[in-house]
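Structure first, commentary second.
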Amino acid sequence: MTINTWDISSEFIRLDAFLKLTGAVPTGGQAKHSIQEGTVEVNGAVCLQRGKKLRPGDTVRLAGGETLYRVGPVPAGGM
0 MTINTWDISS
10 EFIRLDAFLK
20 LTGAVPTGGQ
30 AKHSIQEGTV
40 EVNGAVCLQR
50 GKKLRPGDTV
60 RLAGGETLYR
70 VGPVPAGGM
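All the letters of the sequence shown, read from the start, carry residue numbers 0 to 78 under numbering that gives the first Met the number 0.
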């Protein structure tokens, strides 16, 4: 399994925005659809909340995907 870490510049990022940022999905609409269909896992559990706040250390994976996306730490001076 591949693990990709994406640093954020704020305290949190919404799940739908994170999926788009990482390129896991091509559009915000696809992110919404994937979440509603129950094909997105946050920290190992299915998440149906599009606005779920992800914080550093959280992980996201699309069902059946071989890539795990991890929210990285906020860079020093980023908040």
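The C-beta atom is built at its ideal place from N, Cα and C for all residues, glycine as well.
Between the C-alpha atoms of residue 43 and residue 26 there is a straight-line separation of about 23 Å. Beta bridge pairing from DSSP links residue 73 with no other residue.
Rounded to the nearest whole angstrom, the CA to CA distance from residue 52 to residue 66 is 20 Å. For residue 41, same chain residues with a beta-carbon under 8 Å away, outside a window of 5 residues either side, are 14, 51, 53, 57, 58 and 59 in chain order. Per DSSP, the unbroken alpha helix (DSSP H) holding residue 34 starts and ends at 27-35. According to the DSSP assignment, residue 57 belongs to no beta strand (DSSP E), since it is labelled neither H nor E.
Per DSSP, residue 21 is not a residue of any beta strand (DSSP E); the alpha helix (DSSP H) it occupies stretches across 14-21.
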